[in-house]
């Protein structure tokens, strides 16, 4: 009788633990600086310095040639978070010390 009671309590504990873990929201892959307030401040034409102030240093940086001939330019993309989870990307034009934001995407699903 004691073994059955212990087994039932153990199974009940495992079931409660499993169900409670489903209710916990996973942590965001984005830094805590990605608040709604900060995201709403972002707009085209911002400097890379302003983005650094709002969100900190990016997780990764990519450089590519954007546009079509004859209007090509070097574009630089900063990425935060972990795709396909919460992530953000900011695409800039300009020189290393004076990047200007062209477009951005923030996904906090």
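Numbering (this note's numbering), first residue to last: 229 to 337. Quick reminder that beta carbons are idealized off the backbone N, C-alpha and C, glycines included.
Let me know if residue i comes out buried or exposed under the rule of 16 or more other beta-carbons within 10 Å of its beta-carbon.
i, result
"residue 331", "exposed"
"residue 309", "buried"
"residue 280", "exposed"
"residue 306", "buried"
"residue 311", "exposed"
So for residue i, helix, strand or coil by DSSP?
i, result
"residue 247", "Residue placement at residue 247 is poorly supported in this model, since its pLDDT is 48, which falls under 50; the coordinates are not used for a value here."
Which residue comes first and which comes last in the alpha helix (DSSP H) that contains residue i?
i, result
"residue 276", "276 to 283"
"residue 338", "Coverage of the chain is limited to positions 229 through 337, which leaves residue 338 absent and any answer about it impossible."
Would you kindly work out how many angstroms separate the C-alpha atoms of residue i and residue j, rounded to a whole number?
i, j, result
"residue 337", "residue 232", "44 Å"
"residue 266", "residue 320", "18 Å"
"residue 323", "residue 334", "24 Å"
"residue 296", "residue 303", "12 Å"
Taking the beta strand (DSSP E) that residue i belongs to, which residues open and close that run?
i, result
"residue 317", "315 to 321"
"residue 308", "301 to 309"
"residue 337", "Neither: residue 337 is in no beta strand (DSSP E) and is coded neither H nor E."
"residue 290", "288 to 294"
Review point. On the three-pair Cβ rule with 8 Å, is the region 258 to 272 touching the region 297 to 316?
Key: They touch, by the three-pair rule.
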